[in-house]
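For the sequence shown, the residue numbers in mature numbering (1 follows the signal peptide of the UniProt record, and there is no 0) are -16 to -1, 1 to 283.
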Amino acid sequence: MLKQLLIILFSEVSNAYFTDDFNTWLTEVYGSDVQTTLNRADLGPMGSFGGKQYRNQMLTKDPIVFVHGVSNTAGEQPLIGAIFRASGYDWSELYATTYANGAEGNPMQWAKYTMNCKYVKQVRGLIVAVRLYTGRAVDIIAYSLGVPVARKAILGGLCVDTKENLGSPLTNSIDTFVGIAGPNHGVMLKFGFASVPACVFNLIPICNENTGLFSGICPLESSFLKDINSVVGYEGKNIFTIYSKDDQLVGYNICGKITSQITGQHGEKVYDKKDHNETFRDSLPVQLQMILHHIVIKV
């Protein structure tokens, strides 16, 4: 029965966009430019999802904003929505937008991306919009590069690249923040038993010293990473992380810091032998309990 339900929900999610009601509300409140930026209709069903069926629809749970990983899109991981829908969530309580443009058919596209102000503003815009649209506190589930991007979106302040002022922290609007396999202190690639700092040199955009993951020359970090790690406890009322000691992409320990931990967090789920993708995929029940009950379960 559950398998059949997930198949149905898989189809639902993979064909999801913002609902007509949410798109109409975005246009009425923020204008067509913001609606277009958040909806990402240019990416088709991969661009976004979420929204009420009608304006007065009542939510029973705090809405979740999902922030995807580097070179992913909002609609590329339909199992997320399926699991949460099967656990009682409605589409009016699940939201995502695509910052950047996904992999674009290039397996190395991730190396070209940075954590620039445009992406941060887009994620922040969705968080604020969902808060106002639903009238409820927002939960955040962020994965991989989406973790530092979401943290900056919540932190606000000046963008490190453009110096635009994003405004005050959104802390009071966030109930629970879950950061999964996030490179909060950079990345340490793993090859067998050896680990190598991936962003010691500023040779590709993702490793640049301003909006990239530059790290590994202890204790130096990029301006972006220093910024998001300079304040403690702003991510929300409840802060959790999920990561693996065997993550081959983000790594584990960089310059004496566990890169996927967040200072001030209230709990964590640590795996010993899961890779980067498995850490996200296999932790869905853990994510759900962190969001709903603020606990860390054993699975």
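Yeah, the Cβ is synthetic: ideal placement off N, Cα and C, and Gly gets one too.
Please go through the same chain and pick out, in chain order, the residues whose beta-carbon is closer than 7 Å to the beta-carbon of residue i, but skip the five residues on each side of it.
| i | result |
| --- | --- |
| D139 | It should be noted that the sequence gives Leu, not Asp, for residue 139. P153, I212, V215 and Y218. |
| I(-10) | Since pLDDT at I(-10) reaches only 47, below the 50 mark, its modelled position is unreliable, and the value read off the structure follows with that caveat. Cβ within range, chain order: n/a, list empty. |
| A134 | V51, V107, I124 and A126 |
| V283 | P269 and V270 |
| D46 | R120, A121, V122, D123 and D159 |
| T98 | P189, I190, N192, T195 and G196 |
Could you pull out every residue in the same chain whose Cβ sits closer than 8 Å to the Cβ of residue i, ignoring the five residues on either side in sequence?
| i | result |
| --- | --- |
| G31 | Y1, N23, R24, A25, T57, A58, G59, T81 and T82 |
| G200 | G170, M172, P181, A182, C183, V184, I238 and C239 |
| F33 | V(-4), A(-1), Y1, F2, A58, G59, G65, W75, L78, Y79 and A80 |
Compute the Euclidean distance between the alpha carbons of residue i and residue j, then round it to the nearest angstrom.
| i | j | result |
| --- | --- | --- |
| C183 | F198 | 5 Å |
| Q249 | K36 | 32 Å |
| E148 | N100 | 11 Å |
| A70 | V280 | 20 Å |
| I111 | G235 | 28 Å |
| Q232 | K174 | 5 Å |
| K257 | V114 | 36 Å |
| N261 | F68 | 18 Å |
| N168 | P29 | 30 Å |
| Q19 | A84 | 16 Å |
| E205 | E193 | 7 Å |
| L27 | L43 | 28 Å |
| D17 | I164 | 31 Å |
| L116 | A178 | 47 Å |
Comparing alpha-carbon positions, which option in the options lies nearest residue i?
| i | options | result |
| --- | --- | --- |
| K253 | K229, L276, G235 and C202 | K229 |
| I188 | P47, K96, M92 and D4 | K96 |
| A121 | C239, P91, N156 and Q232 | N156 |
| I246 | T263, F224 and S206 | F224 |
| Y103 | T146, T8 and L272 | T146 |
| T150 | G28, S267 and K105 | Per the sequence presented here, residue 150 reads as Leu, with Thr not at that position. L150 has its Cα closest to that of K105, out of G28, S267 and K105. |
| K136 | T195, K258, D231 and Q232 | T195 |
| W94 | G53, L116 and A113 | G53 |
| S128 | G109, Y117, V144 and V162 | V162 |
| G72 | E88, A87, I48 and N85 | I48 |
| V131 | L10, N90 and F264 | F264 |
| G251 | K241, D266 and Y227 | Y227 |
| N90 | L116, G109 and S55 | S55 |
| I275 | G220, G86, N7 and L116 | G220 |
Does DSSP put residue i in a helix, a strand or coil?
| i | result |
| --- | --- |
| K258 | coil |
| M172 | strand |
| L142 | strand |
| E60 | helix |
| N7 | helix |
| V180 | strand |
| F198 | coil |
| A76 | Reading off the sequence, residue 76 comes out as Ser, not Ala. Of the three classes helix, strand and coil, the one that applies to S76 here is helix, per DSSP. |
| T81 | strand |
| I223 | strand |
| I242 | strand |
| F68 | helix |
| K282 | coil |
| F264 | helix |
| F2 | strand |
Check whether the Cβ of residue i lies closer than 8 Å to any Cβ atom in chain B.
| i | result |
| --- | --- |
| I223 | In the structure shown, chain B cannot be found, because there is only a single protein chain. |
Excluding the five sequence neighbours on either side, which residues of its own chain have a C-beta within less than 6 Å of the C-beta of residue i, listed in chain order?
| i | result |
| --- | --- |
| residue 284 | No statement about residue 284 is possible, as the shown extent of the chain runs from -16 to 283 and does not include it. |
| Q41 | S76 |
| F208 | M99, V144 and T195 |
Within the segment 97 to 171, ranges of the beta strand (DSSP E) (whole runs, at least 3 residues): For the segment 97 to 171, whole beta strand (DSSP E) runs of length 3 or above, ordered along the chain, are 122 to 127 and 158 to 164.
Length at least 3, wholly inside the segment 11 to 66: the beta strand (DSSP E) runs in chain order: Look at the segment 11 to 66 and you find these whole runs of beta strand (DSSP E), each 3 residues long or longer: 48 to 51.
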